[in-house]
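A.B. asks: Protein chains in written order, with the numbering used here: chain A, 21 to 132; chain B, 51 to 166.
Even glycine gets a Cβ: it sits at the ideal position worked out from N, Cα and C.
Note that the coordinates shown come from a computational prediction; the quantities given were computed from them, not determined experimentally.
1. Let me know the secondary structure DSSP gives residue 113 of chain A once reduced to three states.
2. Which residue's Cα is closest to the Cα of residue 96 of chain A: A:60, A:50, A:32?
3. Select from the stretch 33–57 of chain A all residues with a C-beta closer than 7 Å to any C-beta belonging to chain B, and list them in chain order.
4. When the Cα atoms are used, what is the spatial distance from residue 36 of chain A to residue 103 of chain A?
5. So which of B:83, B:67, B:68 has the shortest CA-CA distance to residue 55 of chain B?
6. Give the interface partners of residue 76 of chain A over in chain B, defined as CB-CB distance under 8 Å, in chain order.
7. Going along chain A, which residues have a C-beta under 7 Å from residue 140 of chain B?
8. Throw me the rounded Cβ distance for the residue 122 of chain A and residue 93 of chain B pair, which I believe falls under 8 Å.
9. If you follow the beta strand (DSSP E) that residue 74 of chain B is part of, which residue opens it and which one closes it?
10. Along chain B, which residues have their Cβ under 8 Å away from the Cβ of residue 125 of chain A?
11. What whole-angstrom Cβ distance do residue 141 of chain B and residue 157 of chain B have, given they're in contact under 8 Å?
12. Per the contact definition of three or more C-beta pairs closer than 8 Å, is the stretch 66–80 of chain A in contact with the stretch 37–57 of chain A?
13. Just to confirm my understanding: we take residue 76 of chain A, look at its own chain, exclude 5 residues before and 5 after, and list those with CB closer than 7 Å. What are they?
14. Whole-angstrom Cβ separation of residue 86 of chain B and residue 138 of chain B, contact assumed at under 8 Å?
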């Protein structure tokens, strides 16, 4: 079936270091969304990318959608302890109705 | 808006008992999703509804699981009989129709289910 693979599964960084998580789909996506889940919390929407090659920024976070609309990345510059949590990508397969296929997430820990 | 509301927040039950989880989506949202999250399997989509109609239930583990959406403001996920391997956090999420941006999914706080 359709899958969205996300790597790495875990990432431990020192505060101030950069962090990147990658997402790959087996099929072309109509759009991709990113969510953040704090420890003990629920996933919260961060951003949506729709266009091929799209790049969006939110302060220290940079999101990219690949040219083929099959991959995406989230890059955090100069991590802070507030960035701790699990980051999920979620893709909507082309032609699908309303569901998203979630990656397994990348759990980020930041050492002060 | 209060966001997606789930109840109960925590549920501890014994194996073999029936468990009912409840969800109230955000008013005006056309889609409702039930997810299960565990350390081993991550976030799994169980079933989703569009305008109260189940669209895809292929993620429902087995016949012990059932979900209903009798109206636009209420949904239930029932497990009967429950088993220890059903222990997980169950999230409900809702979203607007894709034709009406934005249509990100809004998650409820989740129900932490423990089956002993």
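C.D. replies: In short, the structure shows the following:
1. strand
2. A:32
3. 53
4. If you take the alpha carbons of residue 36 of chain A and residue 103 of chain A, they lie about 11 Å apart.
5. B:83
6. Residues of chain B passing the Cβ test: none, with the nearest at roughly 13 Å.
7. The CB of residue 140 of chain B never comes closer than 7 Å to any CB in chain A; the least such distance is about 11 Å.
8. 5 Å
9. Taken as a continuous stretch (DSSP letters only), the beta strand (DSSP E) holding residue 74 of chain B covers 69–74.
10. Ordered by position in chain B, the residues that pass the 8 Å Cβ test against residue 125 of chain A are 92, 93.
11. 5 Å
12. Inter-segment contact for the stretch 37–57 of chain A and the stretch 66–80 of chain A is present: three or more beta-carbon pairs are separated by less than 8 Å.
13. 67, 69, 83
14. 5 Å
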